[in-house]
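The next block holds one structure in the form of structure tokens; read it before the comments.
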Amino acid sequence: MKIGIYAVGRLKAGPEKELASRYLDRFAKAGPQCGLEFTRSVELNESRAGNADTRKREEAMELSRQIPDGAVLVVLDERGKAFDSAEFAKFIGDAADNGQKDMAFVIGGADGIDPDLRDKARLVLNLGRLTWPHQLVRILIAEQLYRAVTILTGHPYHRV
Numbered sequence: 070m071k072i073g074i075y076a077v078g079r080l081k082a083g084p085e086k087e088l089a090s091r092y093l094d095r096f097a098k099a100g101p102q103c104g105l106e107f108t109r110s111v112e113l114n115e116s117r118a119g120n121a122d123t124r125k126r127e128e129a130m131e132l133s134r135q136i137p138d139g140a141v142l143v144v145l146d147e148r149g150k151a152f153d154s155a156e157f158a159k160f161i162g163d164a165a166d167n168g169q170k171d172m173a174f175v176i177g178g179a180d181g182i183d184p185d186l187r188d189k190a191r192l193v194l195n196l197g198r199l200t201w202p203h204q205l206v207r208i209l210i211a212e213q214l215y216r217a218v219t220i221l222t223g224h225p226y227h228r229v
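First residue of the sequence shown: 70, per my numbering; consecutive thereafter.
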């Protein structure tokens, strides 16, 4: 199954980008052992619309254009479900085992995710009740993707 991250906003060169890249590189190397492939990270410009609802709608339209048809849509949102790492790994593994070809992780802009796009998600995932800067969310999801692969392959990285 091909996995991609689709985000509003761009990571600038620096420690956040380097750390996210490190985990995504680890995922890309370890993922094929369990049928997972990291295919792309898409960064979109934030909308310049005058109000939050319009910005979210414009960003959602552009995100939707980038996401492969039929992809399992996972939207990161504070109103979502909280998983532990093993549950997260199981979700990914089950999707791959059920023949899903693509999974898209979506990170919205500063105003959040348009409700219509959130409603289309198979999973709305929350990374905790705290509010995180989008740069850190990318690091967190990149690390959890790598951790999921290690759980699925029995690698000792994840310790209970």
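Here a beta-carbon is modelled for each residue, glycine too, at the ideal position from N, C-alpha and C.
- Where ARG216 is concerned, the enclosing alpha helix (DSSP H) starts and stops at 203-222.
- Runs of the beta strand (DSSP E) spanning 3 or more residues and lying entirely within the region 127-157 occur at 141-151, in chain order.
- Residue nearest to GLY139 within the set GLN169, GLY119, LYS125, ARG126 is GLN169 (criterion: CA-CA distance).
- According to DSSP, ILE176 shares a beta bridge with ALA76, LEU145.
- DSSP links LYS71 through a beta bridge to GLU106, ASP171.
- For the pair of segments examined, the region 80-94 was found not to touch the region 113-130: the number of CB pairs separated by less than 8 angstroms stays below three.
- Taking 7 angstroms as the cut-off, the Cβ atoms of ILE161 and TYR75 do not count as close.
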